[in-house]
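Peer 1:
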Amino acid sequence: MSSAASTLRSAVTGVGGYLPEQVVTNDELAALVDTSDAWIQERTGIRQRHKARDDQPTSDLAVEAARRALADAGRTVDEVDLIIVATTTPDMTFPAVASIVQRKLGCPVGIAFDVQAVCSGFVYALSVADGFVARDHARCALVIGADEMTRLMDWTDRTTCVLFGDGAGAVLLEPRPGQGTKTDQGLLGFALRCDGTRTELLYVDGGPATTGTIGHLRMAGNQVFRHAVVNISEGITAAAEAAGLTIPEIDWFVPHQANQRIIKGVGERLGLDESKVISTVALHANTSAASIPLALDAAIRDGRIKRGDLLMLEAMGGGLTWGACAIRL
Numbered sequence: 003m004s005s006a007a008s009t010l011r012s013a014v015t016g017v018g019g020y021l022p023e024q025v026v027t028n029d030e031l032a033a034l035v036d037t038s039d040a041w042i043q044e045r046t047g048i049r050q051r052h053k054a055r056d057d058q059p060t061s062d063l064a065v066e067a068a069r070r071a072l073a074d075a076g077r078t079v080d081e082v083d084l085i086i087v088a089t090t091t092p093d094m095t096f097p098a099v100a101s102i103v104q105r106k107l108g109c110p111v112g113i114a115f116d117v118q119a120v121c122s123g124f125v126y127a128l129s130v131a132d133g134f135v136a137r138d139h140a141r142c143a144l145v146i147g148a149d150e151m152t153r154l155m156d157w158t159d160r161t162t163c164v165l166f167g168d169g170a171g172a173v174l175l176e177p178r179p180g181q182g183t184k185t186d187q188g189l190l191g192f193a194l195r196c197d198g199t200r201t202e203l204l205y206v207d208g209g210p211a212t213t214g215t216i217g218h219l220r221m222a223g224n225q226v227f228r229h230a231v232v233n234i235s236e237g238i239t240a241a242a243e244a245a246g247l248t249i250p251e252i253d254w255f256v257p258h259q260a261n262q263r264i265i266k267g268v269g270e271r272l273g274l275d276e277s278k279v280i281s282t283v284a285l286h287a288n289t290s291a292a293s294i295p296l297a298l299d300a301a302i303r304d305g306r307i308k309r310g311d312l313l314m315l316e317a318m319g320g321g322l323t324w325g326a327c328a329i330r331l
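Going by this note's numbering, the first residue of the sequence shown is number 3, and it counts up by one from there.
In structure tokens form, the structure reads like this:
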């Protein structure tokens, strides 16, 4: 990348998160399926998850997270010219959730569309948004991860229904001048991957062009775990190299909150300091594309992550997709 002063970076200027009010504990799930709080915590690290109301679609969660991100950045809806929503659980087959969010927020006519990469969706969406913002094609971009994974659950399958929850997280991206070095504020490097030969490991058994139904989430848990640790570690290493960084330089790792054992496994494989890894999986469970921005928001609010810190975001989801992104906040 050129070291010219005119280099543009996509800087995160605002962050917001939203979780539905209803909390579902492990004990409550134990009344539905053959499981227990101890079994769930031992295998996943999850203690509870949030569940959207029946009359609360994904766009509602996304709108609230977006409002909070805009407020955090000191921006108004009138300034938004790009909305990208990463989601697996759209309100409708079409239009895109981003279009509905634009209407509900009252944003002016601009660019709005969804990205579908399941749990990796937020990292994918950031890279897409960077293609607009860092080229000065958008000046105020909302990137939102929003999912209501409880809509996809088979509540008789204890291996999956205990893992997921609902939520939304958002960031505001704005162009900022940089020198094209790792000291710049903004998005510094990406690694995005997909291996479509592994679709049978994590998928939903329905769709408009196949069964005509929504379907339920199906997962080969042990195999997903093994692939996750290896693939996420590779993605982090590749994203760090793309940004000209070494792993020890990174201040905070903000992973997709799928399972505490996966987070720990990646940390051990890369030799990460556990105190530098943000974990919210105990309270949020797996909220798919929402999990990274929700974790980021939580760590900023409690004072751990501060302006100027160097972050690594990472995820793996159905596809199989995976990816990582280095950001200086």
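Glycine included, each C-beta is placed from N, C-alpha and C at the ideal position.
None of these values were measured; they are calculated from a predicted model.
#1: Just mark A211 as buried or exposed, buried being the case when its beta carbon has 16 or more other beta carbons within 10 Å.
#2: Our contact map puts V87 next to A100 with C-beta atoms below 8 angstroms; I'd like the distance itself, whole angstroms only.
#3: Helix, strand or coil: how does DSSP classify M314 here?
#4: Let me know if H286 comes out buried or exposed under the rule of 16 or more other beta-carbons within 10 Å of its beta-carbon.
#5: If the criterion is Cβ atoms closer than 9 angstroms, does the pair R220 and L194 meet it?
#6: Quick one: is A13 buried, meaning 16 or more other Cβ sit within 10 Å of its Cβ, or exposed?
#7: How many whole angstroms separate the CB atoms of T15 and E176, which I take to be in contact at a CB cut-off of 8 angstroms?
#8: How is the beta strand (DSSP E) around D168 delimited, first residue to last?
#9: Kindly indicate which residue of A260, A140 and L312 has the alpha-carbon position closest to the one of L296.
#10: Can you list, in chain order, the residues of its chain whose CB lies under 7 angstroms from that of A131, leaving out five sequence neighbours each side?
#11: Smallest Cα separation from Y126: which of N224, V17, R69 and T89?
#12: Rounded to the nearest angstrom, what separates H218 and D159 at their Cα positions?
#13: What residue does the alpha helix (DSSP H) around W324 start on, and which one ends it?
#14: Quick check: what's the CA-CA separation for D253 versus D29?
#15: Is the number of C-beta pairs between the region 303-320 and the region 39-54 that are closer than 8 angstroms three or more?
#16: Rounded to the nearest angstrom, what separates A54 and D168 at their Cα positions?
#17: Which term fits I216, buried or exposed, when burial requires 16 or more other beta carbons within 10 angstroms of its beta carbon?
#18: DSSP three-state call for T89: helix, strand or coil?
#19: Kindly indicate which residue of C163, V268 and D80 has the alpha-carbon position closest to the one of R141.
#20: Which of the three DSSP states, helix, strand or coil, is assigned to Q262?
#21: Over the uninterrupted beta strand (DSSP E) stretch that includes G16, give me the two end residues.
#22: Please report the distance separating the alpha-carbon of G246 from that of Q118.
#23: Do D197 and G321 have their C-beta atoms closer together than 9 angstroms?
#24: Going by alpha carbons, who is nearest to G223 out of I264, Q187 and E236?
#25: Which of the three DSSP states, helix, strand or coil, is assigned to R201?
#26: Under a Cβ-count criterion, where at least 16 other Cβ atoms within 10 Å of its own Cβ denotes burial, should T95 be classed as buried or exposed?
#27: Going by the CB atoms, is the gap between V279 and G267 shorter than 9 angstroms?
#28: If you draw a straight line from the alpha carbon of R330 to that of G18, how long is it in whole angstroms?
#29: Given a cut-off of 9 angstroms on the beta-carbon distance, is the pair G147 and S290 in contact?
#30: Apart from the five residues on each side of it in sequence, which residues of its chain come closer than 6 angstroms, Cβ to Cβ, to T9?
Peer 2: So, from the data block:
#1: With fewer than 16 neighbouring CB atoms inside 10 Å of its own CB, A211 falls in the exposed class.
#2: Between A100 and V87 the Cβ distance is about 4 angstroms, and since that is below 8 angstroms, they are a contact.
#3: Here M314 sits in strand by DSSP.
#4: Taking a 10 Å sphere around the C-beta of H286, we find 16 or more other C-beta atoms and assign the residue as buried.
#5: The answer is no: Cβ separation not under 9 angstroms.
#6: Burial of A13 is indicated by the presence of at least 16 other C-beta atoms within 10 angstroms of its C-beta.
#7: Indeed they touch by this definition, with Cβ atoms about 5 angstroms apart.
#8: Note, D168: beta strand (DSSP E), D168 to G180.
#9: Of all alpha-carbon atoms in A260, A140 and L312, the one lying nearest the alpha-carbon of L296 is that of A260.
#10: Excluding residues within five positions, the ones whose Cβ falls inside 7 angstroms are S12, L84, I86, A143, V145 and L175.
#11: When each option's Cα is compared against that of Y126, the closest is T89.
#12: Looking at the two C-alpha atoms, the distance is approximately 10 angstroms.
#13: No alpha helix (DSSP H) contains W324, which is instead part of the beta strand (DSSP E) from T323 to R330.
#14: Cα to Cα, D253 sits roughly 36 angstroms from D29.
#15: The region 303-320 is not in contact with the region 39-54.
#16: Each residue's CA atom was taken as its position, placing A54 and D168 some 6 angstroms apart.
#17: An exposed status is given to I216, since fewer than 16 other beta-carbon atoms sit within 10 Å of its beta-carbon.
#18: Secondary structure of T89 (DSSP, three-state): coil.
#19: Each of C163, V268 and D80 was checked against the Cα of R141, and the nearest Cα belongs to D80.
#20: Residue state, collapsed to three classes: helix.
#21: Start and end: T9 to Y20.
#22: Whole-angstrom Cα-Cα distance: 28 angstroms.
#23: Closer than 9 angstroms, so yes.
#24: Closest option to G223, judged by alpha-carbon separation, among I264, Q187 and E236: I264.
#25: According to the sequence displayed, residue 201 carries Thr and not Arg. In the structure shown, T201 sits in a helix (DSSP, three-state: H, G or I).
#26: Label assigned to T95: exposed.
#27: For G267 and V279, no; Cβs fall outside 9 angstroms.
#28: Whole-angstrom Cα-Cα distance: 17 angstroms.
#29: Yes. Within cutoff.
#30: Excluding residues within five positions, the ones whose Cβ falls inside 6 angstroms are G180 and G182.
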